[in-house]
Structure formats: C-alpha cells, structure tokens
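Colleague: Pasting a structure here, questions to come.
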Amino acid sequence: MSTTKSAAITLYEESERFSDAYPEYDLSKLPQWVRDNIQEARVYGNQKKGVILADGRKYHLDNKLNDMTGRDWTFFINSVFSTHYPTRGTEGYAHEIRKIHPSPKPPQLMRDLISFFTKEGELVFDSFAGVGGSLLGAALCNRKAAGIDLNQEYLNAYIEASKKLDLQVYPTICGDCIQILQNDAVMNELIGKQQIGLCLIDPPYANMMSKKKTGADAYIHGDVATPFTNEAADLGNMERSEFLETLKKSVELMLAYMKTEGYVVVFIKDLQPHKKETNLLHSEVVNKLNEIPKLYYKGMKIWADESAKIYPYGYPFSFVANQVHQYILVFRKEKR
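So the mapping is simple: the working numbering equals the position in the sequence shown, first residue as 1, plus 17.
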C-alpha cells in the first residue's frame, strides 16, 4: 500500500462523520458524487471544512468554483495537455454530423473545461456556438447552456447531434451576437434570469479561413478560401484590427449578464509568421480583452490536438511549424 493511500485511510478513520458535524446541512449544496456517498462522508481539519470519502476522495466546503476533488483540481491546472479524441463510434459524439463545421471542438474537451469553471446547474454561454461543442459539453456534465451563431445550418447540426446523443437540447438563436447581446428582451428569452457562470468561446480567428490559401497550404489543400459564412458580421471575415475590436465588444456586452467571479475562456490559434509579422494572435487577444473594465487575464492552458493531421510544411527548404496546439485563454470578471 502506498504511503499516500495509507495516510488517506488513516485520515478517514480518524475523522468525524459528516452527519454528526453538520446534522442540518443543506445537502443540495454538495456535489452529486458527495451526496451519493453522504452516509460514509466524514469531515476533517480544524474548521471541519474538508470532506473525505472512504475511497480517499476529498472535497472542500469552501469550494465556490466547481465540484472537483483536490486531486482532479491539481491535474486540471497543468498548463499543457494533449488529447487524441476519436471521431467515430460512441466516443465520436456525433462527429459525422458536426463535421460540417471546419473546426468543431470535441464535446469531451468542452465538458472538462466546463467542469472546472462551473458547478452543476450553472449556466454556460457561447457567443460563437457553431455546431454546439460547448453546449454538448455542458449537457455531459449537468450544466445549463445557451448559444448564438450566425449560421443556422451549424445550429441545426447541433440540435441533430444532441438528439442523436440523447442529450438535452439547449436554446440557441441565429444572428449577430453583437446585436443580440444589446437586446435585453432577446437575451432574457435566451438565458432567462440566471446569470452566466462561464462564457466559453471559440471565435473565428480574424480572416484566417476567408483568405485564399497560399504557400504550403495551397499546395496541400488547394487555394480556395473556406470561410465559416459570407456574412459581414462574421469575425472570420474581418481584418485583424476589426476582429479584435469586435471580439472585445462581444465579450464586454456579455459581461452584463455574467455573475461576478464568472469566467471567460477563449480558444485561439496563432497565425503563421510572415516576414517581420510575428502573428502571435493569442497575445493580441489577451491584451485586447484585458482592456475591458472588470475583466482580468488569469493565465492559459495549451491544448495539443494529437488527432490533427500533420504535413511536411517547408520541406526541404525551411522550418514551418505544424501548429497542432491551441491556446485556451482564461479571464475572470471581478467586482472592479
């Protein structure tokens, strides 16, 4: 038996029963996994704020952010992680439906992010919902969700995928998120009176997709542009400066519906450097969103998607990176 496991057993055996320490505690405030095992739960620490189960899992009663064990929390905050999510079978989560989108996010990935930044029953919001990766992820971990997208075909694919997976279908609306976020009546119909706990977005990255492909990309994929939509309001059709300002405005408008200490989590990918342009888009997004009053940058996670196809860019003349990673930028709304 490991020293860590032995220490957990000793701690559990020496701790007071939860029911004795808190005979009138509102159990609905506890995570589902604690409620399911409440008869065996015990408390420890001078203030009796630590909860431990017979299997060693621990929870802190002052955890206002999520429902995680201390071990799961520690694992999540690693700044770099890699995945290889399947796109077929049960674990593909209806990828065959969602693949009409150029870059659908895996629902499992979104579930794991949502699980850290919210508690059960909280509201997740996506201003650029696409085919609903965020919404599917919310359903997988018992959160509520709502989303906006310019493309009704994408939203229809989300609804179809959700029904196929037998998951709750959350409310969505097709339109320009800037206009919708300025309309209180429409927003109240979309999200009700509940405040947003997490805004999880994967915005189109400036005009990356709407430009004709060049260089190695053109050689491999052809030079035809593949925009998300042809709408002028699509961030994916904007030049860099307009993209950054519009993204900032969308987040700033959304904050009016978000609780204090709610999180904004943004997926972003850098462009390839060009001559003296570094094209570090993630850095530009951090600086731009950090201009918003009450919104503070908290750090990032770097996600390496090992399922991404790789190509011999630059061969045999020069270095060109296969960008299989994306930045997951984390911001929090503060009181001031």
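Positions of the beta carbon are idealized from the N, C-alpha and C atoms, including for glycine.
Just so we're clear, the structure is a prediction, and the values are computed from it rather than from any experiment.
#1: I need the boundaries of the beta strand (DSSP E) containing D166, first residue and last residue.
#2: Return helix, strand or coil for F336, following the three-state DSSP convention.
#3: Taking C-alpha atoms, which residue in G209, K311, Q340 lies nearest to A325?
#4: Does A163 pass the burial test, meaning 16 or more other C-beta atoms within 10 Å, or should it be called exposed?
#5: Considering just the uninterrupted stretch of the beta strand (DSSP E) at C158, what are its terminal residues?
#6: Which of helix, strand or coil does DSSP assign to E371?
#7: Sorted by chain position, which residues of the same chain lie with C-beta nearer than 7 Å to E354's C-beta, five sequence neighbours on each side aside?
#8: I'd like to confirm the pairing. Which residues does DSSP put opposite H299 in its beta bridges?
#9: Quick check: the Cα distance between S267 and L152, rounded to an integer number of angstroms?
#10: Looking only at C-alpha atoms, which of M255, E308, P123, I117 sits nearest to G150?
#11: Could you tell me whether the Cβ atoms of L167 and D43 are closer together than 7 Å?
#12: So does the segment 204-217 actually touch the segment 273-285, counting three or more Cβ pairs closer than 8 Å?
#13: If you reduce the DSSP assignment to three classes, tell me which class V283 lands in.
#14: Pull the bridge partners of F142 from the DSSP assignment, please.
#15: Between the C-alpha atoms of G192 and S335, what's the straight-line distance to the nearest angstrom?
#16: In terms of residue numbering, what span does the alpha helix (DSSP H) encompassing R52 cover?
#17: Please look up how many angstroms separate the CB atoms of K75 and G67, rounded, as I've assumed it's under 8 Å.
#18: With a threshold of 16 other CB atoms inside 10 Å of the CB of G316, please say whether the residue is buried or exposed.
#19: Go ahead and pull the three-state DSSP assignment for K350.
#20: If we ignore side chains and look at the alpha-carbon of each, how far apart do Y187 and N159 end up?
#21: Should the segment 77-89 be regarded as contacting the segment 284-298, the criterion being three or more beta carbon pairs within less than 8 Å?
#22: Is the beta carbon of L306 sitting closer than 7 Å to the one on K265?
#23: Count the other CB atoms, across all protein chains shown, that sit within 10 Å of the CB of E108; report buried if there are 16 or more and exposed otherwise.
#24: Note down the Cα distance separating L28 from I195, rounded to an integer number of angstroms.
#25: Are the Cβ atoms of I208 and I165 separated by less than 7 Å?
#26: Around the C-beta of T263, are 16 or more other C-beta atoms found within 10 angstroms, so that it is buried, or is it exposed?
#27: Hey, out of F92, L126, N304, whose CA is closest to A9's CA?
#28: Just curious, the alpha helix (DSSP H) that V203 is in, first and last residue?
#29: Quick check on T263: does DSSP put it in helix, strand or coil?
#30: Using the rule of at least 16 other Cβ atoms within 10 Å of the residue's Cβ for burial, across every protein chain shown, is F92 buried or exposed?
Modeller: Reading from the atomic positions:
#1: Where D166 is concerned, the enclosing beta strand (DSSP E) stretches over 161-166.
#2: In the three-state scheme derived from DSSP, where H, G and I count as helix and E and B as strand, F336 is classed as coil.
#3: Proximity to A325 across G209, K311, Q340 peaks at Q340, based on C-alpha coordinates.
#4: Buried, by the Cβ-count rule.
#5: Careful: C158 lies outside any beta strand (DSSP E) and carries neither H nor E.
#6: Coverage of the chain is limited to positions 18 through 353, which leaves residue 371 absent and any answer about it impossible.
#7: With the chain covering only 18 through 353, there is no way to say anything about residue 354.
#8: According to DSSP, residue pairing for H299 in a beta bridge does not occur.
#9: Taking C-alpha positions only, S267 is separated from L152 by approximately 19 Å.
#10: Comparing Cα positions, the closest option is P123.
#11: L167 places its beta carbon 7 Å or farther from that of D43.
#12: Touching, yes, given that three or more Cβ pairs across the two stretches are closer than 8 Å.
#13: Judged by DSSP in its simplified three-state form, V283 adopts strand.
#14: Beta-bridge annotation (DSSP): F142 is paired with A163, C216.
#15: Rounded to whole angstroms, G192 and S335 show a C-alpha spacing of 43 Å.
#16: That run of the alpha helix (DSSP H) goes 49-52.
#17: Contact flag correct, Cβ pair sits at about 6 Å.
#18: So G316 counts as exposed.
#19: K350 sits in a strand when the DSSP states are folded into three classes.
#20: So the alpha carbons of these two residues sit roughly 12 Å apart.
#21: Touching, no.
#22: Taking 7 Å as the Cβ cut-off, L306 and K265 qualify as a contacting pair.
#23: With fewer than 16 Cβ atoms within 10 Å of its Cβ, E108 is classed as exposed.
#24: Taking the straight line from one Cα to the other gives about 53 Å.
#25: In this structure, I165 does not lie closer than 7 Å to I208 by Cβ.
#26: T263 is classed as buried because its beta carbon has at least 16 other beta carbons within 10 Å across all chains shown.
#27: Since the first residue of the chain shown is 18 and the last is 353, residue 9 is not available in this structure.
#28: Element bounds for V203: 201-208.
#29: In the three-state reduction of the DSSP assignment, T263 falls in the helix class, which pools H, G and I.
#30: Per the 10 Å Cβ criterion, exposed.
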